[in-house]
Every structure is written in C-alpha cells, then in structure tokens.
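Engineer: Just so we're aligned, residue -3 is where the sequence shown starts under the numbering used here, counting upward by one.
Would you mind keeping the following structure in view while I ask a few things?
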Amino acid sequence: MGPRPLLPMFTPAPAPGDPGVTPELAAVLVERQLALLKTYRWLVDVRTANFYTDRVWERLPSSWREALDASTLDELADLADLARAPRASCWPLSLLAFNAACRAASLPRTHAEMDTAARIRVGGGERGGAKGAGTRPLALLPPALRYGVRPKKAHEVSSLAPIIAQLVLPLGVKHLVVDLGAGQGHLSTLLSRKYGLRCVALDADAELVQTGRARAHTTQKMLDRAERSDGARATAAGVRSGGAGGAV
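Here you go:
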C-alpha cells in the first residue's frame, strides 16, 4: 500500500476551559472535520468489530504498526489523549500528523459528573432510587421506543438524549439536530418523540438506514395503537365516572 496524504496542520482548537463555541468557530471545526474524514477515510470507515476479519492491522502504514507494537500501555494512553500533544517521542511523523489533525478538529468539551448524568437520565433524580432504575436501561425508555433496542443501546441513548436536549432546547425550536452515524436512528427517535426536537438521522450503511426506516414505521404504529388505547381507557373512565355521578 502506497503512502497516504497527510492533513495540513491546523491551529489547535480551544481548550476545554475556554468560552463556549461561537458559530464562527463551529464552522471552522466542521471544515476541519470534513477535511479529516476525507483524508483519512481509509481509517475512519473501519469498523472496530471487524478489526480481525477485515485485517485492519495490516492496512496501517508499516511505520505505525512498528511504533504501536513496541509501545507501552502508558504511551498508547498518552497518544489517545486528545487534550494535548503526545509527550512520547517514539511516534512516526505521519501518526503525529494524524493525532494533531484529530485534536485540531475536536470540539471543546467537559465531562459530566456521573451522579449528575444519572440524575438527568432518570428525570431530575425523583426516581433515582427506584428499584431497577440503574440496572434496567430499557425501563428508562418509553414503552413504544423499546422495540428492537438492546439494553446496551438503551443505556447509551437514555444517557445521551437528555444531555443533548439540555443543550439544544434553550436555543429554540428552529435548531435542527443532525445525528451523523445514526445507525438505526435510536437516538434521533428518542430525541424527537420524547423531547420534541427536530432531527435528521444520517448513516452511510444503506442496510442500517433501511432497517431504521422499518423500525420507525413499526414504532409509529405502536404509538398510534397506544394512543387509541389510552383514549379508549379515558372514555371508559369518563363513562364510569358519569354513571356514578348520576346514581348519586
């Protein structure tokens, strides 16, 4: 495999403690991310689950393989830390260029405390002590949105959706959430159905898109059925209440 083009070095993105991302900075970061994806598509398109079957290791440049194979766990952790440049001097220049491009295209971010994330996930903490709330991720999703969702995915979307909603809702309804690499659209469905956000789910895998559309159709039918059932129960309750009132 021949040499691959390197991404030009960029001015580093703001540190996590800097003020919020302005629209101008966001536009610059998007341009950087698109350039990163274009230049390193051969690596970005790799599926981690297929690392061995697709012989991903053999697709890496030989200089990368030699350096990675000889590195320690601490050196690997240092390379993966995008908050700063790697301290070790054992990496080839092409790998350092890739690392620098990733850092330059990364959004400033801060980590949420675990207790805060858990409190947001269950709705303000009122149900934080509910039995099974921390061990049954599917219970955190509305019933109609549990269809076809594995517990691991349920944990991911039920944790991430409220945080996204917290960030987007104060901006106003005109804003659109774009879910890149959406898979079957589990996250976008939850954001739309539970939080009323306008979402577009995009994925390069046509099979996942088709499965997601079929799932969305089934989910809609389940929601319609639940709405009719709720309406029927409300009507029946009203009739019983009215009948009891007349008898008195």
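Cβ atoms here follow ideal geometry from the backbone N, Cα and C, with glycine treated the same way.
Since we're looking at a predicted model, the values are computed, not measured.
1. Note down, in chain order, each residue of its chain lying with its Cβ closer than 7 Å to the Cβ of Lys127, except the 5 sequence neighbours on either side.
2. I'd like to check one pair, Val26 with Val42: are the Cβ atoms closer than 7 Å?
3. At what residues does the beta strand (DSSP E) containing Cys86 begin and finish?
4. What is the C-beta distance between Gly208 and Gly177, in whole angstroms, given that I count them as a contact (C-beta under 8 Å)?
5. Starting from the C-beta of Ala228, find all residues in its chain whose C-beta is less than 6 Å away, skip the five residues before and the five after it, and write them out in chain order.
6. In three-state terms, what does DSSP make of Arg145?
7. Using the beta-carbon count (16 or more within 10 Å), is Ala97 buried or exposed?
8. If we count the other Cβ atoms within 10 Å of its Cβ and call it buried at 16 or more, is Ala101 buried or exposed?
9. Quickly, what does DSSP pair Leu92 with across the bridge? List them, please.
10. Given a threshold of 16 other Cβ atoms within 10 Å of its Cβ, counted over all protein chains shown, does Trp87 qualify as buried or as exposed?
11. Going by alpha carbons, who is nearest to Ala79 out of Pro104, Arg142 and Ala22?
12. Under a three-way DSSP split, which group does Ala101 fall into?
Structural biologist: The answer reads as follows:
1. Its pLDDT being 42, under 50, Lys127 is placed unreliably by the model, and nothing is read from it.
2. At the C-beta level, Val42 and Val26 stay beyond 7 Å of one another.
3. For Cys86, there is no enclosing beta strand (DSSP E), as DSSP marks it with neither H nor E.
4. About 12 Å separates the CB atoms of Gly208 and Gly177; that is not less than 8 Å, and the two are not in contact.
5. Within the same chain, Ala228 has no close Cβ partners at all.
6. In the sequence as presented, Arg is not what sits at residue 145; that position holds Val. Assigned with DSSP and collapsed to three states, Val145 falls in coil, not helix or strand.
7. With at least 16 other beta carbons inside 10 angstroms of its own, Ala97 counts as buried.
8. It is buried - the Cβ of Ala101 has at least 16 other Cβ atoms within 10 Å.
9. Looking at the DSSP output, Leu92 sits in no beta bridge, so it has no partner there.
10. It is buried - the Cβ of Trp87 has at least 16 other Cβ atoms within 10 Å.
11. Of the candidates Pro104, Arg142 and Ala22, the one whose C-alpha sits nearest the C-alpha of Ala79 is Pro104.
12. When DSSP states are grouped into helix, strand and coil, Ala101 belongs to the coil group.
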